[in-house]
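Which chain is which? The protein sequence lines are A and B, in order.
Under the working numbering, the first residue of the first sequence carries the number 1, and numbering increases by one thereafter.
Under the working numbering, the first residue of the second sequence carries the number 1, and numbering increases by one thereafter.
First the structure, in the form of C-alpha cells, and then the observations on it.
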Amino acid sequence: MTSFWRGTLALLALLLSGFFAAPVAAHLTPNSEIRLRFEPGAVRADVLIPLAEYSYATANTNDSARDPASLSRYLARHTRAATPDGQPWTAEVGAVRIEDAPGGPDILTTVTFRPPPGAPDRKLTLRWDAVIAEADNHFALVMVEGDLARGQAHAADLIGTFTAGQPELAIDRGVAGHGALFSGALKIGARHILEGHDHLLFLLVLLLPAPLLAFGGRWTTPRPARDTIRNLAWVVTAFTLGHSVTLIAAALLNAHLPSAPVEALIAASVLVSAIHAMRPVFPGREAFVAFGFGLVHGLAFATVVAGFGVGMVARGTAILGFNLGIEAVQLALVLLLLPGLLLGARQPWFVPLRLALAGVAAVAALVWLVERVLASESALGAGIAALLPPLGAVLIVVSLLAGAWWLARFKLPMKPIAPSGSA
Amino acid sequence: MPRFRPHGLSWPVLLALAVAIAIVVGVGIDRWRGASAVVDPATIRAGFGPASYAEAIARADQDVAGAREALSLAPGEWTHGEVLALALMARWQLANDYVDLKEATGLLERGVADAPDPAGPMLAQAQLEITVHRLDRADAALARFGRSVVPLSAETASAATLAGDVASQRGDLSAAHDKFVQAAQIADSPGVGLRGAVLAFRQGERATGKRALEALLARPRQPPALLAGLALQRATMAYAEGDWESAQGWTAAANRVFPGWWLGEAYAAQQFALAGHPDKAIRAYRAIAERTGRPEVMDALAHLLRIEGQGAASRAWAAKAAAGWESRAALFPEAVIQHRAEHELAVGSVAKALALAEADVAARPGPQGIALLARALILSGRPREALDWLDRARDGGWVSAGMLMLRADAQAALGDSAASEAAREKALAINARAADPAARMIWFGHD
C-alpha cells in the first residue's frame, strides 16, 4: 500500500464521518400549565394538562382518558396545598372539560384551594405531581395570572415549575389588607377600560352628538354649552349606573355568564351608537340607551370581577375599587374631550370629523361583531386594534389644544410697571 | 502645469459621492452576505458511486472482503490492517453494526503496536476514537501522528480536521474553526467544507453556513451517499430556522439521489408528522424500525406515539430502543451515551438521563451534550445549574433556537418572567416555529 492510497483513504473516510449519523437533541414533550389567581380567601388554579401526556402517563388511550369523573379523582389525588407549618388547605376540583388546541386536546379544569380558618390566604406550599408521578420527564409550568391585591388581572408572572425533582413550591405573595385590595382592584378597573377598545369607542360615539341638536332626522345646530355639559353628564351617569347594576349584581350573585354573546352584544351597542352619531336614531333618549347598553357592558366587566374572592367584605371592597377605576378613566376621558366637543361643535369641520369618527367606529363594531359571532380573529381586527390607541391620543391632543387656544383668547388686563424713581 | 480638477466637482461633492458609493457597496456586500442560498433541491444530481443504499451496502461488503483477503496474504503488514479497518468503518457508517467497529479497533490497535513510532495507522485510529467519542485516545493518536517527519498534505489536512472535531466535541468552537480553516487551506474536501458550513451556521452565521453547504451540494459528480448526507444536513439547517417546507425539499432530494437509506426515510417519515399526518408517520417509522432495528428510529417512534397519547405502544417501542442502546453500550459506551440520554429524556427516566448526561459532559462538554444536560437538570428541579451550563455553551459561541428555548425554560423554572420571555423572543427570531407545538414532532434534525 503506497502512502498515496493511505492519504486518499484517510480523506475518503472523513467524507463518511459522524455527520451522517442521526443527530442527538433535547426533545420536547408537551408540558402542563397551572395559572394561579390569588383572591381574598382562596387561590384558584386554572389547570391545563395535555390529554396525550395524561394518557401516556396513566396508560389510558386518548378516548378512555376523557372520563371527567376519573380525571377529577386523579387530579384530586395529585395536588395538595398546605400552610407553611403543614396545616392542609382544602382543594376542590371543578368541572373537568377537554378542549381541542393546536398541539392536541387539553384537559382543563379549575382547582380552588382554601386555607384553614385563621391561616393567611396568600402564603402556602403547593404540591403537584399529576402526570409527573408516572412520567418524570413531564413538568408543569406555574404562574400567577391574577392577583387582585397587586392590581394584576391577566398578566402571567412565572413563579417556577413542578418537576420530578421539585414537586413542591413555597409561594408567598405577602400580606394584603383591604386598602391593597381596593387599590389593586382600582388599577385593574382602570386598566380594563383603557385596554377595552370597545368600551371606549362606545363612550366616544355616545359623546360625539352630545353637543348637537337633532332636527328633521339630522344633527343640526350646536346646543348651548351648559346644555351640552348637562347632556354629557346624563349620558355618562346613565352608562355608569347601567354597568354598575349588572356588575354588582353579577358579582354578588357570583353569576357566570357566557362571554361570547355578551361580547357580541357590546359590538352591536357600538354599531348602534355609531349610527346614531351619524344620524339621530334615538334623539333625546341617549341617557336611556346609555343605561340599557351599560347593563350589557357591565356583564363584560363582571367576568373580570368573577375572581374577586369569596368573602363578602373583601369582595365588596374589590368591586367598589374596580368600579371606581372604570369611572375614573371614563370621567378623565370625558373631561379631556370636553373642550374639543364644546368648541368643535361650532366649527364647520366638525360635521366631517363626526361622520368620519362615527364611520371608523361603525366599521370597527362590524368587524368585532363578525369576529365574535364567528369566534375567529382577522387581520382587519388587528389593524383596528393598532389604529385606535393613536387615534384616541390624537383626539385628546386636539381637544386640549382647542381648550388652550380658547383660554389664550382671554388676556388679563396688565397694568404697566412704573419705572423706579419716577414717582 | 495646472493641476487637473474635474470640471464642476468640488471636494464636498466628491466626498458625498464617495460616501454614497461606499454605502451602496456596503449594502450590496451586506445583502450578498445575507442572501439566502439558492440551490433548488430538485436540481441536485449524483455522480459516481453506488446509486442506492442496498448497492452501497453490497459495495461495502465487497470492500471489506477484498481488504480482508489482502490482509490474509500479508498478515504482518499493518497498512493492510488499516485498509480493512477503514473499510469496516465505512460499512459501519451505513449498517451501524458495532461489531465492525470493534474489529476495526482491534486492527488499528495492533497496527499502532506493530508500527515503529511515530508511524502507524494514527489518522484512522483518531477518526475511530472520535466516532466513538473517546477524545483522549483521539488526542494521543493525533499527537503521535504529529511526530511524523514529512506527512502527506492530505494527511495533514485530515489531522487538522480531526483535531477540529475533537475541539468541537469539547465545546471549543473557536479552536475547531481554526483547525477546519487550516484543513481547508490544504485540501478542498467536502468533509472539511461540511464541517465549516455547519460550524458557521451554529455560530450564528446562518446565511454563510447555508451558502457554503449549498455550494457543496451544487458540485457535480458527487457520490450519491455523500450528496444525500449533505442534503439531510441542509434539511437540518432548515429545521433549525423553522423552514419545514425547505426541509421537505431537501429530504425528498436525499431520498431521490440515495434511495433506501434509513436516515433519509426517517426524515421523510418525520415530514408526514409535520404535515399533520401523524398516523402516516407512525406507520412509516414502524416500517423502518422493524426493517433496520435502528434504536434511533424506535426512539422517534416512541416519542411520536407519546405525543399522540398512545402510551402502551410508546412504552413498548421505548423498551426495544433501550435494549438496542444497551447492546451498543456494551461495546462502546461513550459512543452511544448521548443517544441514551436523549432516549431517557424523551421516553424514559429523567434520573437516568441526568446521570448519563453528566457523565457525557464531564468527558465531552460540547453543545449537544450541554443541551441534554440542561434539559435533564431543568426536569430534575435544578434550573440554576442548567442555566450555568447554558451560559457556558453560549459563551463558547453556540447559537440555536433550541438552546434559547432551554434557557427560557430554565428562567421560567426560576420564576424570572422577563428573562424567560427575552430568551424566547431570541429563539423565535432564529426559528419562528420554535414554540410551535408541531415542532415537538421533529426528532431527526431537532436542535
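Where a beta carbon is used, it is the ideal one built from N, C-alpha and C, also for glycine.
How long is the line joining the alpha carbons of residue i and residue j, rounded to whole angstroms?
| i | j | result |
| --- | --- | --- |
| residue 161 of chain A | residue 121 of chain A | 21 Å |
| residue 288 of chain A | residue 335 of chain A | 22 Å |
| residue 270 of chain A | residue 348 of chain A | 25 Å |
| residue 69 of chain B | residue 222 of chain B | 29 Å |
| residue 104 of chain A | residue 304 of chain B | 12 Å |
| residue 277 of chain B | residue 352 of chain B | 32 Å |
| residue 394 of chain A | residue 127 of chain A | 51 Å |
| residue 106 of chain B | residue 65 of chain B | 17 Å |
| residue 323 of chain A | residue 189 of chain A | 6 Å |
| residue 169 of chain A | residue 411 of chain B | 15 Å |
| residue 56 of chain A | residue 172 of chain B | 39 Å |
Can you tell me which of the three DSSP states residue i falls into?
| i | result |
| --- | --- |
| residue 80 of chain A | strand |
| residue 373 of chain A | helix |
| residue 231 of chain B | helix |
| residue 193 of chain A | helix |
| residue 32 of chain A | strand |
| residue 283 of chain A | coil |
| residue 98 of chain A | strand |
| residue 59 of chain B | helix |
| residue 389 of chain A | helix |
| residue 146 of chain A | strand |
| residue 61 of chain A | coil |
| residue 139 of chain A | coil |
| residue 171 of chain A | strand |
| residue 437 of chain B | helix |
| residue 39 of chain A | strand |
| residue 125 of chain B | helix |
| residue 166 of chain A | strand |
| residue 93 of chain B | helix |
| residue 182 of chain B | helix |
| residue 368 of chain B | helix |
Starting from residue i, trace the beta strand (DSSP E) both ways and give me its first and last residue.
| i | result |
| --- | --- |
| residue 162 of chain A | 157-162 |
| residue 45 of chain A | 42-50 |
| residue 107 of chain A | 106-114 |
| residue 93 of chain A | 90-93 |
| residue 218 of chain A | 218-222 |
| residue 127 of chain A | 123-128 |
| residue 215 of chain A | 212-215 |
Let me check understanding here. Comparing Cα to Cα, which of the options lies closest to residue i?
| i | options | result |
| --- | --- | --- |
| residue 374 of chain A | A:383, A:357, A:261 | A:261 |
| residue 96 of chain A | A:382, A:45, A:222 | A:45 |
| residue 183 of chain B | B:198, B:158, B:122 | B:158 |
| residue 244 of chain A | A:284, A:196, A:301 | A:301 |
| residue 59 of chain B | B:47, B:82, B:91, B:84 | B:91 |
| residue 194 of chain B | B:433, B:170, B:228, B:171 | B:228 |
| residue 165 of chain B | B:52, B:191, B:109, B:338 | B:191 |
| residue 390 of chain B | B:423, B:418, B:185, B:380 | B:423 |
| residue 268 of chain B | B:437, B:331, B:236 | B:236 |
| residue 313 of chain B | B:123, B:417, B:67, B:301 | B:301 |
| residue 241 of chain B | B:407, B:409, B:212, B:402 | B:402 |
| residue 387 of chain B | B:406, B:397, B:399 | B:406 |
| residue 225 of chain A | A:211, A:196, A:125, A:200 | A:211 |
| residue 308 of chain B | A:53, A:275, A:219 | A:53 |
Considering just the uninterrupted stretch of the alpha helix (DSSP H) at residue i, what are its terminal residues?
| i | result |
| --- | --- |
| residue 165 of chain B | 153-169 |
| residue 246 of chain B | 244-257 |
| residue 43 of chain B | Where residue 43 of chain B is concerned, there is no enclosing alpha helix (DSSP H), given that its DSSP letter is neither H nor E. |
| residue 226 of chain A | 225-252 |
| residue 145 of chain B | 135-146 |
| residue 191 of chain B | 190-202 |
| residue 395 of chain B | 383-395 |
Within 10 Å of its beta-carbon, does residue i have 16 or more other beta-carbons around it, so buried, or fewer, so exposed?
| i | result |
| --- | --- |
| residue 409 of chain A | exposed |
| residue 317 of chain B | buried |
| residue 310 of chain B | buried |
| residue 62 of chain B | exposed |
| residue 368 of chain A | buried |
| residue 86 of chain A | exposed |
| residue 173 of chain A | buried |
| residue 327 of chain B | exposed |
| residue 312 of chain A | exposed |
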